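Undergrad: Could you have a look at this structure, given as structure tokens, before my questions?
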Amino acid sequence: SSETNIRLVDLDESGVDRAFRADVMAGLSDADQKAIPARWLYDDAGSQLFEDITKVPEYYPTRAETEILTDRGEKFAKLIGPGRAVVEFGSGSSVKTPLLLRAIEPGAYVPLDIAGDFLRASAAELSGKFPGLPVHPVEADFTKRVQLPDAVTDMPKLGFFPGSTIGNMVARTAVDLLREMRATLGDEALLLIGMDLIKDRAVLEAAYDDAAGVTAEFNLNLLRRINRELDGNIPVEDFRHEARWNDTFARVEMHAVAQRDMRFTVAGRDFAMAQGETIHTENSHKFDERSSNMLLRAGQWTPIERWTDAEGRFSLILARA
Ligand code: AVI
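In this text, residue positions in the sequence shown follow the working numbering: the first is 104, and each later residue adds one.
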């Protein structure tokens, strides 16, 4: 289906290989719309390319969210208060997390991530910046309820889910995740979550199709990964990156568009694509106040405050359990 999805699962290496193969084979076999779940964009090369995307001039979300975190520290401190265990879903980004931690005097920091090496490295770096702060990294699939370390059992929690990663999920998956977060964090919890806002179509499409071609590389790297890991011969050079705003679903979609009729093989199976046919590789949903409120409420959270950057491009929302 065209409803591509991010779904993080807890898999050992061979499990990852099998799941990748299964998703790619199913996704390329769909006669209506070929589609591969966006989570497979993030191999080592893809993760590095995403880092690069956050620095291109057209990709505003990272800068806009950083601006909010920089400017609204006093407001966060007032509403959140000191002594909470900050539980970050996905490894702490080097810039955003310290801004939050500096503003609110947390009791502990608990980064959750499925990638253990990356998790430990970023936890160690953060410990260096906040010498007195207890840091308890947990290697876990945060799409399911996570058992938090005993050391933070008695502290009220603040969940932190920046970046509008929630937007990479279709509504049902996003609601499931929010409910699992609620179960992980407990009754006293707050959640600080980034959600990118609906805006001018040209601005959105440019953010996902930068002039330097970094996002194009990020998208086409998925096809290169298939060739590398699944013994494929997809003619990557004959695909074009496309970012399109889908107004019905309020999302930017990434597609890889075949530039000619073609045949190729992946893991021993033959596939054909017609010129103009696409592989749908990512959704990035955008929100307004109503849709973000509705999503949070469906996920068992009550929004209590929202902040945007000066240009009104991105929102950071505080919700309570
Ligand atoms: C990770 N995620 C929030 C990014 C986004 O904006 O949807 C991924 C991305 N895809 C293309 N550019 C950035």
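Here a beta-carbon is modelled for each residue, glycine too, at the ideal position from N, C-alpha and C.
Owing to the predicted nature of the structure, the values given are computational and were not obtained by experimental measurement.
1) Which full runs of the beta strand (DSSP E) of 3+ residues lie inside the stretch 341-370, going along the chain?
2) So PHE321 and LEU131 are supposed to be a Cβ contact under 8 Å. How far apart are they, rounded?
3) So is VAL306 buried or exposed if we call it buried at 16+ other beta carbons inside 10 Å?
4) Below 8 Å on the Cβ atoms is my guess for VAL249 versus TYR212; work out the distance and round it to an integer in Å.
5) Closer than 7 Å to a non-hydrogen atom of the ligand AVI - does that hold for the CB of ASN324?
6) So PHE417 and GLU161 are in contact, right, with Cβ under 8 Å, and what is the actual spacing, rounded?
7) Below 8 Å between beta carbons: does that hold for VAL241 and PRO259?
8) On the premise that ILE382 lies in contact with ALA353, defined as a C-beta separation below 8 Å, what is that separation, rounded to the nearest angstrom?
9) Taking only three categories from DSSP, how would you classify LEU93?
10) How is PHE428 classed by DSSP in three states: helix, strand or coil?
11) Report all residues from its chain with a CB closer than 8 Å to the CB of GLY219; omit the five preceding and five following residues, and keep chain order.
12) Buried or exposed, going by whether 16 or more other CB atoms sit within 10 Å of the CB of ARG142?
13) Between GLU392 and ILE420, what straight-line distance do the alpha-carbon atoms span, to the nearest angstrom?
14) For the ligand AVI, list every residue whose C-beta falls under 7 Å from any of its heavy atoms, going in chain order.
15) Kindly give me the distance between the Cβ atoms of HIS344 and ALA370, rounded to whole angstroms, as I take these residues to be in contact under 8 Å.
16) So, with DSSP's three-state summary, where would you put ASP492?
17) Using the Cα positions of ARG366 and PRO338, report the straight-line distance between them to the nearest angstrom.
18) Give a yes or no on contact between the stretch 293-302 and the stretch 327-334, applying the rule of three or more CB pairs nearer than 8 Å.
19) Quick check on the burial criterion: 16 or more other C-beta atoms within 10 angstroms. Buried or exposed for LYS137?
20) Candidates PRO185, GLY402, ALA286 and ASP350: which alpha carbon is nearest ILE269's?
21) Determine the burial state of GLY231: buried for a count of at least 16 other Cβ atoms within 10 Å of its Cβ, exposed for fewer.
22) Using the Cα positions of LYS389 and TRP404, report the straight-line distance between them to the nearest angstrom.
TA: On the basis of the supplied data:
1) Restricted to the stretch 341-370, the beta strand (DSSP E) segments that are unbroken, complete and at least 3 residues in length are 342-349, 354-361 and 365-369, listed in chain order.
2) Numbered from 1 along the sequence shown, position 218 holds the residue referred to as residue 321. Numbered from 1 along the sequence shown, position 28 holds the residue referred to as residue 131. Going by Cβ atoms, the distance from PHE321 to LEU131 rounds to 19 Å, so no, they are not a contact pair.
3) Within the sequence shown, numbered from 1, the residue matching residue 306 stands at position 203. Exposed.
4) Position 146 of the sequence shown, counted from the first residue, corresponds to residue 249. Position 109 of the sequence shown, counted from the first residue, corresponds to residue 212. Incorrect: roughly 15 Å between the Cβ atoms, too far for contact.
5) Counting from one through the sequence shown, the residue named residue 324 turns up at place 221. Incorrect: ASN324 has no Cβ contact closer than 7 Å to the ligand AVI.
6) Counting from one through the sequence shown, the residue named residue 417 turns up at place 314. Counting from one through the sequence shown, the residue named residue 161 turns up at place 58. Actually they do not touch by this definition, with Cβ atoms about 14 Å apart.
7) What you label residue 241 is simply residue 138 of the sequence shown in a count that begins at 1. What you label residue 259 is simply residue 156 of the sequence shown in a count that begins at 1. For VAL241 and PRO259, no; Cβs fall outside 8 Å.
8) Mapped onto the sequence shown, residue 353 falls at position 250. Mapped onto the sequence shown, residue 382 falls at position 279. Contact doesn't hold; Cβ gap of about 22 Å is too wide.
9) Past the edges of the chain, shown from 104 to 424, lies residue 93, and the structure says nothing about it.
10) Because the chain in this structure spans residues 104 to 424, residue 428 falls outside the shown range and cannot be described.
11) Here residue 219 refers to the residue found at position 116 of the sequence shown. Closer than 8 Å at Cβ, skipping near neighbours: GLU242.
12) Counted from its first residue, the sequence shown places residue 142 at position 39. ARG142 is buried by the Cβ-count criterion.
13) What you label residue 392 is simply residue 289 of the sequence shown in a count that begins at 1. What you label residue 420 is simply residue 317 of the sequence shown in a count that begins at 1. When rounded, the distance between both Cα atoms is 10 Å.
14) In chain order, the hits are PHE153, ILE156, TYR162, PRO164, GLY266, SER267, THR268, GLY270, ASN271, ASP299, TYR311, THR318, PHE321, MET357, GLU385 and SER387.
15) As a working note, residue 344 is residue 241 in the sequence shown. As a working note, residue 370 is residue 267 in the sequence shown. For HIS344 against ALA370, the beta-carbon gap comes to about 24 Å, at or over 8 Å, which does not count as contact.
16) Only positions 104 to 424 of the chain appear in this structure, which leaves residue 492 out of reach.
17) For the purposes of this step, residue 366 is taken as the residue at position 263 of the sequence shown. For the purposes of this step, residue 338 is taken as the residue at position 235 of the sequence shown. Rounded to whole angstroms, ARG366 to PRO338 spans 9 Å at the Cα level.
18) no
19) Numbered from its first residue, the sequence shown carries residue 137 at position 34. Residue burial annotation: LYS137 is buried, with at least 16 other C-beta atoms found within 10 angstroms of its C-beta.
20) Indexing the sequence shown from 1 puts residue 269 at position 166. Of PRO185, GLY402, ALA286 and ASP350, the residue nearest in Cα terms is GLY402.
21) Here residue 231 refers to the residue found at position 128 when the sequence shown is read from its first residue. GLY231 is exposed by the Cβ-count criterion.
22) Numbered from its first residue, the sequence shown carries residue 389 at position 286. Numbered from its first residue, the sequence shown carries residue 404 at position 301. The straight-line gap from Cα to Cα measures roughly 19 Å.
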